[in-house]
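Everything below concerns the one structure shown next.
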Amino acid sequence: MPTTTLSLDDRWQLFREDTPRHCYDVKIPVDVHHVLLQAGDLPDPFYRDNEARVQWVHQQRWVLERSFDLSKADLARDITLQLEYLDTHATITLNDEPVATLSNLFRRFYLNISPQARVGENRLRITLHDAAQLGAERAAQLPFPVPYSESNNQIPHMNTVRKTQCDAGWDWGICLMSTGLYTAPLIQVHSDRLLDTVRVTQHHQPGEARLAVTVDTIGAAQTEQRIHLGLPGAEPVELTLVPGQTQGVAELIVTNPSLWWPNGYGDQPLYRLAVELDGQLWQRDIGLRDLYWDLSADEAGNRMVVVVNGVEIFAKGANWIPADAFPARHTPERYQHLLEASAAAHFNMIRVWGGGLYEHDAFYATCERLGLLVWQDLMFACSLYPSTPAFLDDVTPEVDWQIRRLQSHGCIAIWCGDNEVIGAINWYETSRNNREKYLVNYDRLNRVLDDTVQHGDPSRVFWPSSPCNGELDFGDAWHDDNKGDIHYWDVWHSGKSFSAYYDIKPRFCSEFGYQSFPSKGVIESFTEPGDRNVTSPVMEVHQKNPAGNAKIVEMFTRYFRFPMGFDQFLYLSQVQQAIAMKTAIEYWRTLRPHCMGTLYWQLNDNWPVASWSSLEYGGGWKQMHYHARRFYQPVQWFWIGEGATQQLVAVNDLPVPARLSGQWQIIGLDGKVVQTTPINQRLEAGESLCLAEVTAEDPTETFAVARGDYELEQITSAIAIPVIKGECDATTYFAVWKHLDLPQAMLAIETGKDAEGLWVTLRTDVPAHYVTLDSPGTGRWSDNSFTLLPGETKTLRWQGQPLGRDELAVYHLAASYRETMGTMVRLK
Numbered sequence: 082m083p084t085t086t087l088s089l090d091d092r093w094q095l096f097r098e099d100t101p102r103h104c105y106d107v108k109i110p111v112d113v114h115h116v117l118l119q120a121g122d123l124p125d126p127f128y129r130d131n132e133a134r135v136q137w138v139h140q141q142r143w144v145l146e147r148s149f150d151l152s153k154a155d156l157a158r159d160i161t162l163q164l165e166y167l168d169t170h171a172t173i174t175l176n177d178e179p180v181a182t183l184s185n186l187f188r189r190f191y192l193n194i195s196p197q198a199r200v201g202e203n204r205l206r207i208t209l210h211d212a213a214q215l216g217a218e219r220a221a222q223l224p225f226p227v228p229y230s231e232s233n234n235q236i237p238h239m240n241t242v243r244k245t246q247c248d249a250g251w252d253w254g255i256c257l258m259s260t261g262l263y264t265a266p267l268i269q270v271h272s273d274r275l276l277d278t279v280r281v282t283q284h285h286q287p288g289e290a291r292l293a294v295t296v297d298t299i300g301a302a303q304t305e306q307r308i309h310l311g312l313p314g315a316e317p318v319e320l321t322l323v324p325g326q327t328q329g330v331a332e333l334i335v336t337n338p339s340l341w342w343p344n345g346y347g348d349q350p351l352y353r354l355a356v357e358l359d360g361q362l363w364q365r366d367i368g369l370r371d372l373y374w375d376l377s378a379d380e381a382g383n384r385m386v387v388v389v390n391g392v393e394i395f396a397k398g399a400n401w402i403p404a405d406a407f408p409a410r411h412t413p414e415r416y417q418h419l420l421e422a423s424a425a426a427h428f429n430m431i432r433v434w435g436g437g438l439y440e441h442d443a444f445y446a447t448c449e450r451l452g453l454l455v456w457q458d459l460m461f462a463c464s465l466y467p468s469t470p471a472f473l474d475d476v477t478p479e480v481d482w483q484i485r486r487l488q489s490h491g492c493i494a495i496w497c498g499d500n501e502v503i504g505a506i507n508w509y510e511t512s513r514n515n516r517e518k519y520l521v522n523y524d525r526l527n528r529v530l531d532d533t534v535q536h537g538d539p540s541r542v543f544w545p546s547s548p549c550n551g552e553l554d555f556g557d558a559w560h561d562d563n564k565g566d567i568h569y570w571d572v573w574h575s576g577k578s579f580s581a582y583y584d585i586k587p588r589f590c591s592e593f594g595y596q597s598f599p600s601k602g603v604i605e606s607f608t609e610p611g612d613r614n615v616t617s618p619v620m621e622v623h624q625k626n627p628a629g630n631a632k633i634v635e636m637f638t639r640y641f642r643f644p645m646g647f648d649q650f651l652y653l654s655q656v657q658q659a660i661a662m663k664t665a666i667e668y669w670r671t672l673r674p675h676c677m678g679t680l681y682w683q684l685n686d687n688w689p690v691a692s693w694s695s696l697e698y699g700g701g702w703k704q705m706h707y708h709a710r711r712f713y714q715p716v717q718w719f720w721i722g723e724g725a726t727q728q729l730v731a732v733n734d735l736p737v738p739a740r741l742s743g744q745w746q747i748i749g750l751d752g753k754v755v756q757t758t759p760i761n762q763r764l765e766a767g768e769s770l771c772l773a774e775v776t777a778e779d780p781t782e783t784f785a786v787a788r789g790d791y792e793l794e795q796i797t798s799a800i801a802i803p804v805i806k807g808e809c810d811a812t813t814y815f816a817v818w819k820h821l822d823l824p825q826a827m828l829a830i831e832t833g834k835d836a837e838g839l840w841v842t843l844r845t846d847v848p849a850h851y852v853t854l855d856s857p858g859t860g861r862w863s864d865n866s867f868t869l870l871p872g873e874t875k876t877l878r879w880q881g882q883p884l885g886r887d888e889l890a891v892y893h894l895a896a897s898y899r900e901t902m903g904t905m906v907r908l909k
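As structure tokens, this is what we get:
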């Protein structure tokens, strides 16, 4: 008989163990905080300072219950309960008989419930315990102290619990300590094997892709069974598992495959791989591509560049944190919204950061569709971790399953052991003073991770840690310009000026960032009018970096005239953040092929907060994200340097030449053109080229712009680059902004609606700098945070949900220290 599967996705009841009569009818995903919030029994943790008022939730025991029926025929076969995304410490009973005690959010569990099952109604109970208490108990049992990230976690010893580490708070995150069940359990009635995971190893040669498909099963294997595999463009294959065999490998051959490319380099055709065993169906859309990392030695040290289909890819993107502090909101729609915004800004890589969670399948499927390579951390971050047998015995099946679960996605580019755990050895006095001991402790865990990853997926690189210089290199890789990836934080954490980015020549920078505040609309969502001062108690609850506000203000004083009022403070913080990231990324892009990757910190927020994100909570674009769409454009030119003399440098990331045309100008602050020089230049594939060295005679009286176009010269059928033309646009200043006597621009603003939606047209009498439209709706403008020159007409279109207000605000730099608010415009 075929396997039958019952999905337990609804008809659950949730209640506190000590108040069982007060029940909530729920369906999966069940996120206890979210259930209470929706029922009106919990204040919104995101609002004002309510974070402190919800900590009681995780300290209680919560019970999930539901019933299901089994027949006499069912009991004659094996009955398995499959559980995953169970958060985190739970006891399972069936018909009041114990089944298991579990404590790892990141594992899939197959529980034999045949001994407890009965004919008719069966009652399944999942009791959720306090993960904080579990952490304390485990820490007390360790043979020696293992320091945890006290600067991030508000709850101690979370490094002993296999749970999303930032659930206990981070320097951008709320402490919510979620608990619940986020994927529907399955009851599987079967007589033989259960289909577990499917892995695909791709071997490419001209005109052909050979896929070695490994099918992993679990459970009894007493009989011979056939597995059917199918893929468009390949002959169907049947695989036979003989008694005792739980794993099989088959080959599918695709002739003349349509190759998958990272975003910006070509299309993302997908092939649906289907695997069927005894009525169980696994299917996934995968991209066919050839991928490896070039880590070879060169004159500087060692390269670090990902190569896809024979093309070296300059990795452009950001670090991903969990999409929301409420796990119930980790929906396919949320993934789609955030990742589409990434692709729209020319990202081709996302780093899934190790303090979060292994994301749901929908996340990776969306990356596959959008052409976003994934740097996948394993879930260890910023703390030290035990290497006891019990901890390793828990982590090994976690990593084994996660690798096998995700491995077939073509977008996965690299497996990374952790985030900053090597570096963390030097952060804590206990480990710093016993470095050898804690290095051995680290190595024991890291070798288990390495072995487990290589067993599950030998086709990809295992990178021990981020940052690091490579295998068995336990040195400080934070500022090594010769090899490996670096995290460069001296501008934010150490307070260096933006010019410090010019002193760094990374091979691959996988973390660096600068904070800003979210937009006024986001802040209004969690504050009352009296809270709207950046040092008010409520605003400081929503600034998790202890020195964050001071750093933002101090950097203001170096570069800008101080803003007038709260609204302008928010605006200028986003200008400053964008400039910081522009300075670093534009310079590092010009260093190619020495530098071949920048992943800034961070893409998104999981609640409304001051942070390093370019997409604020809800998905709105900060100014930085609009700049990212410009500085990550595959062909672009940049002004590099500071002071009176700077260089205009063009970069081409694509494997085909580009023709540049346009002009650069030195312009007076009043808008009068001082100098115009044409640009007409061929840029080779993968080239970085200085177009001009420009010196301003009056640094405090002028600025410079370079505007024009690029067009790709050679497009072959092998590389179907989606965009062959684009605009190049860059602005620079020869002195810091506070030294510029910017005239107050008078903006002429028109608004209207047509068949395409809302539009706003802008004109100005004198140059206006960092012109930004701020609106409270969910969506984005076609452009923002730009330089507007006299004689230009700039029309912007709103892309998103209809605006819920009749007004929007328009900001620009000169007004930030002259007016308390942006110019308010009533929409037509």
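Just so it is clear: in the sequence shown, position 260 is 341 by our numbering, and no numbers are missing. We put the beta carbon where it would ideally sit given N, CA and C, even for glycine. Note that the structure is a prediction, hence the values are computed from the model and not measured.
Own chain partners of residue i with C-beta closer than 8 Å, once the 5 adjacent residues on each side are dropped
i	result
residue 370	283, 285, 340, 341, 342, 389, 390 and 491
residue 236	213, 216, 249, 250, 256 and 258
residue 888	905, 906, 907 and 908
residue 156	195, 198, 199 and 200
Beta-carbon spacing of residue i, residue j below 8 Å
i	j	result
residue 543	residue 562	no
residue 504	residue 559	yes
residue 173	residue 151	no
residue 741	residue 789	yes
residue 834	residue 251	no
residue 446	residue 366	yes
residue 242	residue 215	yes
residue 419	residue 344	no
residue 403	residue 278	no
residue 143	residue 209	yes
residue 527	residue 545	yes
residue 783	residue 760	no
residue 716	residue 764	yes
residue 566	residue 547	yes
residue 693	residue 682	yes
Presumed contact (8 Å Cβ cut-off) between residue i and residue j, rounded CB distance
i	j	result
residue 852	residue 867	6 Å
residue 787	residue 811	5 Å
residue 823	residue 750	6 Å
residue 273	residue 293	Not quite, the Cβ-Cβ distance comes to about 24 Å (not below 8 Å), so this is no contact.
residue 145	residue 87	Not really, about 16 Å apart at Cβ, beyond 8 Å.
residue 650	residue 622	The Cβ separation is near 17 Å, so there is no contact.
Candidates the options, of which the one nearest residue i by Cα
i	options	result
residue 915	678, 631, 238 and 601	Since the displayed the chain opens at 82 and closes at 909, residue 915 lies outside it and no answer follows.
residue 802	895, 442 and 349	349
residue 754	730, 847, 681 and 521	847
residue 238	831, 591, 246 and 229	229
residue 581	660, 620, 622 and 525	660
residue 480	154, 91, 185 and 113	185
residue 569	576, 554, 579 and 592	592
residue 524	376, 553 and 384	553
residue 139	147, 171 and 161	171
residue 827	770, 896, 233 and 696	896
Close beta carbons around residue i, own chain, < 7 Å, minus the five adjacent residues each side
i	result
residue 816	780 and 781
residue 838	878 and 879
residue 363	276, 279 and 356
Short CB-CB distance (under 8 Å) between residue i and chain B
i	result
residue 541	Chain labels in this structure do not include chain B; a single protein chain is all it has.
Residues near residue i by beta carbon distance below 6 Å, same chain, minus five either side
i	result
residue 335	290, 314 and 315
Q) Three or more C-beta pairs closer than 8 Å, one from the region 307-318 and one from the region 345-356: is that the case here? A) By the Cβ criterion, the region 307-318 is in contact with the region 345-356, since at least three pairs of Cβ atoms, one from each stretch, lie closer than 8 Å.
Q: Could you tell me whether the region 402-412 touches the region 679-696, using the rule of 3 or more Cβ pairs below 8 Å?
A: yes
(Q) Between the region 459-472 and the region 426-438, can you find at least three pairs of beta-carbon atoms closer than 8 Å? (A) yes
Q.
Across the region 475-482 and the region 328-340, are there enough close Cβ pairs to call them in contact, namely three or more that are closer than 8 Å?
A. Short answer: they don't touch.
(Q) I want to know whether the region 584-599 touches the region 655-666 - three or more CB-CB distances under 8 Å. (A) yes
Q. Touching or not, the region 727-735 and the region 698-711, by the rule of three or more beta carbon pairs under 8 Å?
A. no
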